[in-house]
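2 protein chains.
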Amino acid sequence: MTGDSNALGRLSLNQATIPAWTLPEAAAACARAGLGWIAPWRDRVAEVGLGASIRAIRDAGLGVSSLCRGGGFGAADEAGRTDRMDDNRRAVEEAAELGAACLVLVCGPEPDHSLSAARGYVAEAVARLAEHAASHGVALAVEPLHPMYCADRSVIVTLDQALALATSAGPGERVGVVVDAYHVWWDPQLYERVAACKGRILGFHVSDWLVPTPDMLNGRGLAGDGVIELRRLRQAVDRAGYAGPIEVEIFNKELWALPAAEALSLVAARYLAHVADQEV
Amino acid sequence: MTGDSNALGRLSLNQATIPAWTLPEAAAACARAGLGWIAPWRDRVAEVGLGASIRAIRDAGLGVSSLCRGGGFGAADEAGRTDRMDDNRRAVEEAAELGAACLVLVCGPEPDHSLSAARGYVAEAVARLAEHAASHGVALAVEPLHPMYCADRSVIVTLDQALALATSAGPGERVGVVVDAYHVWWDPQLYERVAACKGRILGFHVSDWLVPTPDMLNGRGLAGDGVIELRRLRQAVDRAGYAGPIEVEIFNKELWALPAAEALSLVAARYLAHVADQEV
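Top line first, the protein sequences correspond to chains A and B. Positions in the first sequence are counted from 1; adding 1 to them yields the working numbering. Positions in the second sequence are counted from 1; adding 1 to them yields the working numbering.
Laid out in structure tokens, this is it:
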């Protein structure tokens with residue numbers, strides 16, 4: 002499915018990086034550019050329909066590195082939690098239909114911001130969802146977010162916390178973690194923690210930390226524009242046994258303002274220059 | 002020096018919270034309001050002179066919870082590093098003259114953003130500064146900052162990293178850590194880590210994490226306006242043997258825009274409502 006002889010064979014375009022394209026447009030462009038993979042978002046799948054999405058990706062000859070995303074388990078009451086779990090079950094089913102390598106989970110807070118309660122409920126919810134995912138052959142990938150998102154996006158904020166959560170929820174091929182450079186680069190034990198995730202890494206996402214950061218949410222940088230040692234981290238992730246796709250996921254208003262084809266060229270060039278092995 | 006029978010006896014005004022006042026004005030206002038402590042910044046000490054600062058604080062009958070601040074050890078070359086170390090030595094001497102309970106260290110990055118090099122140099126610099134501090138009877142307090150400041154303000158970003166650094170630099174009464182609620186609240190092992198800092202806690206700072214955060218630098222909240230369980234954290238810090246002053250350090254443009262006396266009343270009221278033991 003992917004061209005391993007191709008220098009961009011491991012590269013996956015996370016669709017949020019170039020939102021101007023519909024999913025079929027993005028899939029065709031990725032194939033033309035030589036990428037091996039794509040990571041669609043559920044709302045963009047819904048926009049064109051699941052069947053059309055599956056056909057577009059298959060026609061382009063791409064693999065699906067992940068479906069973005071499940072999670073957001075918190076809710077104000079039991080009915081709300083049931084709704085959230087039902088939606089996560091649908092996300093699992095969509096991931097199965099798309100043949101996604103994993104469903105990414107961004108676990109959310111509780112509406113009342115009770116941190117320990119939220120962390121307890123997330124563990125319970127992931128374990129419950131893992132049963133449904135196993136029955137559909139879908140792997141769940143818990144993505145720890147940067148601690149600056151702890152209050153409003155994910156109470157799971159470190160790799161070791163995500164690893165403990167995944168380990169308690171199911172076997173490694175079924176429940177694992179995403180290593181996203183932007184979210185984990187600051188960790189004083191980063192390389193030890195990546196090594197400890199051996200057998201549980203289901204995804205690797207790259208973008209860069211800009212100095213100064215122009216926006217807490219939409220201020221990520223292209224590889225090479227910031228301070229993260231992306232190649233070193235990619236090598237550490239490889240050493241931990243991960244040989245799968247490498248997603249470029251960049252929320253950045255300036256990048257979004259570029260013509261889409263130009264943005265994709267930039268993403269590919271920066272991947273080769275700062276993430277992939279250098280040509281000898 | 003401090004009135005322990007007073008409900009505000011442990012409260013310290015970090016001067017950055019109400020920058021409209023000069024240091025003598027702030028000291029007099031704190032004394033009138035019943036606070037036991039103040040935490041001056043070096044630039045505000047320099048503004049009125051060290052001698053006048055010492056007299057103003059003594060006349061007000063306040064203790065100095067900390068001097069803000071030393072650190073920022075990184076520099077582009079050896080001459081720059083020597084300059085930075087010289088400045089830190091002067092900060093130690095000022096802290097000694099002021100009778101400060103500690104000198105806060107915000108350790109900085111390297112200008113080239115090399116993370117592991119910066120962390121290595123910070124450990125070396127703190128150990129070197131600790132000798133000078135010991136000879137002046139000044140305690141050094143390493144403050145881990147929130148990971149969102151890792152690239153531009155402090156490569157020390159977790160309590161356990163700060164504790165390891167302090168432990169390797171000197172004995173507990175000479176080199177310790179600051180627990181600042183804003184910087185550490187997200188830590189999945191927060192309470193275990195605070196307990197592990199027993200005997201090394203030299204300061205406790207409180208402010209709150211607002212949702213959404215209006216500004217990465219100047220968007221901290223008054224106690225009670227955000228999501229941090231401040232009283233629970235204060236109790237954990239107390240259990241770890243810390244009985245010293247509690248600094249309120251809030252960088253917030255809206256607070257700075259209030260009349261200074263009104264801002265101080267708010268700070269005191271929120272401390273009583275959300276940090277101190279509740280009256281029975």
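Each residue gets a CB set at the ideal place from its N, CA and C atoms; glycine is no exception. These numbers come from a predicted model, not from an experiment.
- Query: So with Cβ pairs under 8 angstroms, would you call Q16/B a contact of chain A?
  - Reply: no
- Any idea if P112/A is buried or exposed, counting beta-carbon neighbours within 10 angstroms, 16 or more meaning buried? exposed
- Query: Quick one, which residues of the region 134-151 of chain B are near chain A if we go by CB-CB under 7 angstroms, in chain order?
  - Reply: H147, P148, M149, C151
- Determine the extent of the beta strand (DSSP E) in which N15/B is found, giving its start and end residues. 12-15
- Hey, does L279/B have any beta-carbon neighbour from chain A nearer than 8 angstroms? According to the sequence provided, residue 279/B is Gln. The question's Leu does not apply to it. Q279/B does not count as touching chain A.
- Message: I want to verify the contact list: residues of chain B whose CB lies under 8 angstroms from the CB of D153/A, in sequence order.
- Response: V212, P213
- If we count the other Cβ atoms within 10 Å of its Cβ and call it buried at 16 or more, is A134/B buried or exposed? buried
- Query: Where do the N-terminal and C-terminal ends of the beta strand (DSSP E) with D181/B fall, by residue?
  - Reply: 176-181
- Message: Less than 8 angstroms between CB atoms is the rule here; does W257/B satisfy it with respect to chain A?
- Response: no
- Item | Within chain B, partners of P41/A - CB distance below 9 angstroms | Those within 9 angstroms of P41/A in chain B number zero; the least Cβ separation is about 27 angstroms.
- Task: Take the Cβ of D181/B as the centre, count every other Cβ of all protein chains shown within 10 Å, and call the residue buried at 16 or more, exposed below.
- Result: buried
- Touching by the beta-carbon criterion (3+ pairs, under 8 angstroms), the region 67-81 of chain A and the region 98-112 of chain A: yes
- Item | 8 angstroms contact criterion, which T18/B and E250/B should meet: CB distance rounded | 6 angstroms
- Query: Around the Cβ of T159/B, are there at least 16 other Cβ atoms within 10 angstroms (buried) or fewer (exposed)?
  - Reply: buried
- When you compare only the Cα positions, how much space is there between R90/A and L130/A? 7 angstroms
- Message: Tell me which residues share the same chain as L218/A and place their Cβ nearer than 8 angstroms to its Cβ, disregarding the 5 neighbours each side in the sequence.
- Response: F252
- Since T83/A and E48/A are thought to touch, with beta carbons under 8 angstroms apart, how far apart are those beta carbons, to the nearest angstrom? Rounded, the Cβ-Cβ distance is 26 angstroms, inconsistent with contact.
- Buried/exposed call for P213/B, threshold 16 Cβ in 10 Å: exposed
- Can you check whether the CB of A277/A is closer than 8 angstroms to the CB of A34/A? no
- Message: Between L146/A, V93/A, G100/A, R59/A, which has its C-alpha nearest V207/A's C-alpha?
- Response: L146/A
- Message: What does DSSP give as the partner residue(s) for E255/B in the beta ladder?
- Response: According to DSSP, which records beta bridges pairwise, E255/B is partnered with nothing at all.
- Message: Using a Cβ-Cβ cutoff of less than 7 angstroms, which residues in the same chain neighbour D5/A once the five nearest sequence positions on both sides are dropped?
- Response: Caution applies to D5/A, whose pLDDT of 46 falls short of 50 and renders its modelled position unreliable; the model cannot decide the point.
- Message: Quick check: is the beta carbon of P112/B nearer than 8 angstroms to any beta carbon in chain A?
- Response: no
- What do you reckon, are the CB atoms on R85/A and A96/A nearer than 8 angstroms? no
- Task: Rounded to whole angstroms, what's the CA-CA distance from R221/A to Q279/A? Just pull it up for me.
- Result: 24 angstroms
- Task: In the DSSP assignment, find the beta strand (DSSP E) that holds G52/A and state where it starts and stops.
- Result: No beta strand (DSSP E) holds G52/A; the alpha helix (DSSP H) holding it covers 51-61.
- Task: Report back the beta-carbon spacing between H137/B and E94/B to the nearest angstrom; my notes put them in contact at under 8 angstroms.
- Result: 6 angstroms
- Message: Less than 8 angstroms between C-beta atoms, sequence neighbours within five positions excluded: which residues of the same chain meet that for A124/A?
- Response: L166, S169, A170
- Query: Just curious, the beta strand (DSSP E) that V249/A is in, first and last residue?
  - Reply: 247-249
- Task: List the residues that DSSP assigns as beta-bridge partners of A40/B.
- Result: N15/B
- Message: Classify R235/B: buried if its beta carbon has 16 or more other beta carbons within 10 angstroms, exposed otherwise.
- Response: buried
- Is the shortest distance between the beta-carbon of A158/B and the beta-carbons of chain A less than 8 angstroms? According to the sequence provided, residue 158/B is Val. The question's Ala does not apply to it. Chain A contact via Cβ: present.
- Message: Going by DSSP in three states, V276/A sits in which element: helix, strand or coil?
- Response: coil
- With 8 angstroms as the threshold, decide whether the Cβ of W187/A is near any Cβ in chain B. yes
- Which chain B residues sit within Cβ distance under 9 angstroms of Q236/A? Under the 9 angstroms cutoff, chain B gives no residues; its nearest Cβ is about 14 angstroms from Q236/A.
- Smallest Cα separation from W42/B: which of A61/B, L99/B, G81/B, C31/B? L99/B
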